[in-house]
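Here is the structure we will look at, set down as structure tokens.
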Amino acid sequence: MARMPTQNPPPELGRPPRSAPARLRPWMIWLAWMLVIGAMYLLMDRLLAPAPSVQITSADGGAALQLPRHRDGHFYIQGSINGAPVQFMVDTGASLVSVSDALAEAAQLHGGRQTTFSTANGTRQGRVVRAASLRLGHFTLENVEIGTGLNMGRGEAALLGQNALRHFHVTMEGSTMVLRPRQPAP
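For the sequence shown, position 174 matches number 683 in the numbering used here, and the numbering has no gaps at all.
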């Protein structure tokens, strides 16, 4: 019995089928451009960022601040902003030191730029201003950015955020948080 030759189906009209690498090429080009744009953004962000100008000094030459854990589980520290007394709650998840509008008024924090803050409780409107001085215990930070508009249900609310904490080595010793300055205090 003679075998009939099999015929291949007729080729589809239009574009010839593309290999897998050829199909991925547009995506690879797109990915490469996104990486280039991302790298440029990070580079420009670092180049254009103002140099940190926060100075840390100590009134009594103390080496560290020891903050015992409060019964609510948080750590608090007494301080001041531009001479106005403040009780800060340490918030390692906050980018900026943040205060209520009432506290901003008491500390004479005026002007600044309008912004929208993204918080664990949603977004809120506020301003970013600079304080002449922020005192934490016996340490003073100068020229610190502070976010205003914080609302924690108390008029005099204040969070101690990363822009202040980054000037300290933060360690835990049992139920005590210890803040040691990163640069020697004069």
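The beta carbon of each residue, even a glycine, is placed where N, CA and C say it ideally should be. Bear in mind that the values here come from a model prediction, so they are computed numbers and not experimental data.
Simplified DSSP state of residue i, which is helix, strand or coil
i	result
residue 560	Any reading at residue 560 needs caution, since the residue's pLDDT is 43, under 50, leaving its predicted position unreliable; the model's value is listed next. Here residue 560 sits in coil by DSSP.
residue 578	strand
residue 549	helix
residue 532	helix
residue 660	coil
residue 618	coil
residue 641	strand
residue 605	coil
residue 683	coil
residue 672	helix
residue 527	coil
residue 611	helix
residue 541	helix
One or two residues paired with residue i in a DSSP bridge
i	result
residue 689	678
residue 585	598
residue 623	636
residue 655	606, 638
residue 631	628
residue 666	DSSP output for residue 666 lists no bridge partner at all.
residue 593	590
Residue j beta carbon less than 8 Å from that of residue i
i	j	result
residue 600	residue 643	no
residue 691	residue 676	yes
residue 588	residue 645	yes
residue 584	residue 686	yes
residue 618	residue 657	yes
Cβ separation of residue i and residue j, assumed to be a contact under 8 Å, to the nearest whole Å
i	j	result
residue 586	residue 616	Incorrect: roughly 16 Å between the Cβ atoms, too far for contact.
residue 637	residue 624	5 Å
residue 612	residue 641	Not really, about 15 Å apart at Cβ, beyond 8 Å.
residue 620	residue 626	About 17 Å; that fails the 8 Å criterion.
residue 608	residue 666	7 Å
Requested in this report: Kindly confirm or deny that the stretch 668 to 677 and the stretch 640 to 655 touch, where touching means at least three C-beta pairs closer than 8 Å.
Outcome: yes
Query - Inter-stretch contact at 8 Å, needing at least 3 Cβ pairs: the stretch 675 to 689 / the stretch 570 to 586 - result: By the Cβ test, the stretch 675 to 689 is in contact with the stretch 570 to 586, since at least three Cβ pairs between them sit closer than 8 Å.
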